[in-house]
Every structure is written in structure tokens, then in C-alpha cells.
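In terms of this note's numbering, the sequence shown is residues 29 to 288. Yeah, the Cβ is synthetic: ideal placement off N, Cα and C, and Gly gets one too.
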Amino acid sequence: MRDSDLQSTRLSLLVPVYNEIGTLEQAIRRFRRLSLALEIICVDDGSTDGSREVLARLHREGLVDIVVEHAANRGKGAAVRTAIAHATGDVMVIQDADLEYDPEDLPALLKPIADGKADAAFGSRFLGGPHRVLYFWHRVGNGVLTLLSNILTDLNLTDMETGYKMVRADLMRALPLTADRFGLEPELTARLAQARARIFEVPISYAGRTYAEGKKIGWRDGAAAVWHILRFNLLPPPRTSPVTDVSPAVTTPKGRTIDF
29 MRDSDLQSTR LSLLVPVYNE IGTLEQAIRR FRRLSLALEI ICVDDGSTDG SREVLARLHR
89 EGLVDIVVEH AANRGKGAAV RTAIAHATGD VMVIQDADLE YDPEDLPALL KPIADGKADA
149 AFGSRFLGGP HRVLYFWHRV GNGVLTLLSN ILTDLNLTDM ETGYKMVRAD LMRALPLTAD
209 RFGLEPELTA RLAQARARIF EVPISYAGRT YAEGKKIGWR DGAAAVWHIL RFNLLPPPRT
269 SPVTDVSPAV TTPKGRTIDF
């Protein structure tokens with residue numbers, strides 16, 4: 029595929045934001061430096077540290093296309109569902125604002141989808157890309173969760189819990205997603221497997237944060253992930269997706285800001 033073909037595929041960045049004032053503006057400006065046709069949708073999930081005000085300014089400056097504000101914190105999964113509902117691109121990717129994941133890896137993730145070889149692409153932190161050395165037990169836990177997920181989905185992923193999951197837009201909208209917190213990762217994996225989606229894995233770099241630097245996921249989320257993996261793989265999915273059940277957008281000259 030030619031670079032011009034890759035750049036013609038419109039990519040919607042779904043950016044959940046919760047108290048990310050330390051990295052938020054830097055992240056948005058890094059996204060905008062990519063040579064891709066981007067739509068940036070930020071969902072402020074009840075931030076109390078000034079992130080909401082930063083988003084409002086970046087929206088006025090035209091750096092963020094759509095801003096959606098949750099009145100209270102509802103969790104990453106809920107924020108991503110809200111972003112999906114307002115995305116208009118050809119492909120969607122979940123992009124955290126904490127800069128643990130490098131947006132320079134996005135073109136490599138997009139390529140198999142733009143080439144028509146994949147319906148979804150996962151960025152794997154364990155396929156050889158450079159990464160910050162951090163917690164041993166996090167790696168062990170990730171391996172256990174990925175193994176359990178693979179057993180039930182019959183996939184051979186190396187990193188089910190990756191935050192970089194890119195999906196064709198029409199497919200993403202059709203998935204019946206319901207998880208509000210970090211259960212989003214096993215749920216999205218299970219729903220893609222149930223849809224018989226063609227999934228590629230692509231090596232990515234990873235600069236993980238310590239808890240002192242603002243990392244939010246903890247052992248309770250890991251324990252809950254076991255339940256989520258069993259639930260989303262063994263129980264039938266809901267008949268309809270809540271992704272389409274959102275309030276109408278309010279149009280402004282520089283984009284859209286929606287209060288929930």
C-alpha cells in the first residue's frame with residue numbers, strides 16, 4: 029500500500045480522559061504531528077484536576093475535534109463507548125492520554141486494516157518493541173489473563189490487555205460493549221472473537237507509568253478481569269449495543285462539545 033493510501037483512511041482517536049493534566053496537552057499535540065487523517069474525540073470522564081479546562085482550550089484552538097464531558101466519573105469503558113458513538117472515521121483506535129503508548133506506532137497498526145487484511149489490530153507490548161522495565165507481577169498477571177482469554181476465545185494473542193486496540197469503524201459500532209471500567213479490554217477481545225474478526229498483532233513500544241506517576245489500574249482490576257473474561261466469553265451478549273444510545277450532539281463552529 030502506498031503512503032498516500034494509508035493517509036486517506038480517516039482514523040478516529042477515542043481518548044478517555046480522567047485526571048491527566050500532566051500529559052494531556054503534550055499527548056494531543058503529539059497526535060496532531062502524525063501524518064494521518066485524524067479525528068480526535070476526547071471524553072472527559074469527570075476529571076477534577078483541571079483536565080476539563082485544558083480540553084476546552086484545546087477544542088477552541090482546533091486541536092481536538094470533539095469533546096464530550098461526563099458529569100461524574102463512569103470508567104474507561106463508559107468513556108470509550110461515548111467516544112465511539114460520536115466518531116465518524118473509517119477506523120477507530122482507543123488512545124489513552126497518559127503517553128504510555130506511543131502514537132508513532134499508529135501507522136503500523138493501521139496498515140493491515142487499511143490493506144484489507146484485518147478487521148482489527150492489537151498493539152502487543154511483548155513482541156519485541158522497546159519498553160520501560162517495571163513491575164514483574166504485572167507481567168505475570170497479564171500473561172495469566174491473556175492465557176485464560178485465549179483458551180476461551182481460541183485466539184493466540186500475546187497481549188490481550190493491551191490498551192492499543194484498533195478496529196474498523198463499522199465493526200466497532202456493531203459490537204455490544206457494556207463494561208464501564210477496565211473490563212473493556214477482555215470484553216472487546218471477546219466480542220471481536222465472537223464476530224470472527226480477523227485480528228493482527230503488531231509490536232509496539234511501551235513506556236509504562238509507576239503508581240506515583242499516576243497509573244490507575246491495580247490488583248483489584250486484575251482480579252475483576254478474570255470475572256470479565258469468563259462473563260463475556262461464556263454468557264450470551266446483549267441483543268443491542270448501548271453504543272448508539274447517546275444524547276444528540278450539539279454542534280459548535282469548531283466542533284462539538286457535549287455534556288452528559
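Using the C-alpha atoms, what's the distance from residue j back to residue i?
i    : j    : result
M200 : V108 : 11 Å
S36  : N261 : 35 Å
L263 : L183 : 18 Å
I336 : D77  : No answer is possible for residue 336: it lies beyond the span of the chain, which begins at 29 and ends at 288.
R237 : Q123 : Unreliable placement is indicated for R237, whose pLDDT of 48 sits below 50; no coordinate value is reported for it.
P140 : H98  : 34 Å
G74  : A55  : 19 Å
L86  : D126 : 16 Å
T190 : I94  : 25 Å
L173 : R61  : 34 Å
V254 : G103 : 18 Å
E213 : L180 : 14 Å
R226 : N178 : 15 Å
D130 : E53  : 15 Å
F154 : G90  : 36 Å
R88  : D118 : 25 Å
G171 : M188 : 9 Å
A218 : R58  : 31 Å
A142 : L34  : 6 Å
Can you name the start and end residues of the alpha helix (DSSP H) that residue i belongs to?
i    : result
L39  : Segment R38 to V45 is the beta strand (DSSP E) holding L39; no alpha helix (DSSP H) there.
F150 : Premise fails: F150 lies in the beta strand (DSSP E), A148 to S152, not in any alpha helix (DSSP H).
A235 : Counting along the chain, A235 falls outside any alpha helix (DSSP H), and DSSP gives it neither H nor E.
L137 : L134 to A142
R60  : L52 to R60
Taking the beta strand (DSSP E) that residue i falls in, what are its first and last residues?
i    : result
P265 : Where P265 is concerned, there is no enclosing beta strand (DSSP E), given that its DSSP letter is neither H nor E.
L155 : That residue, L155, is in no beta strand (DSSP E); it is neither H nor E in DSSP.
I69  : A65 to D73
Relative to the alpha-carbon of residue i, which residue among the options has its alpha-carbon at the smallest distance?
i    : options                   : result
A197 : L138, E128 and V82        : L138
I12  : Y192, A202 and L175       : Residue 12 falls outside the range modelled here, since the chain spans only 29 to 288, and no answer is possible.
G151 : F59, E128 and R88         : E128
L42  : P266, A218, Q222 and K193 : K193
F210 : R38, L39, S40 and P44     : P44
At the 8 Å Cβ level, is residue i part of the contact set with chain E, yes or no?
i   : result
A65 : Given the protein chain composition of this structure (a single chain), no chain E is represented.
Is the beta carbon of residue i within less than 7 Å of some heavy atom of the ligand PLP?
i   : result
S63 : Of ligands this structure carries none, so the ligand PLP is not represented either.
List, from N- to C-terminal side, the alpha helix (DSSP H) runs of 4 residues or more that fit wholly inside the segment 81 to 122. Runs found: 104 to 114.
Let me know the beta strand (DSSP E) ranges lying completely inside the segment 162 to 233, each 3 residues or longer, listed in chain order. List check, beta strand (DSSP E) in window: 193 to 196 and 227 to 231.
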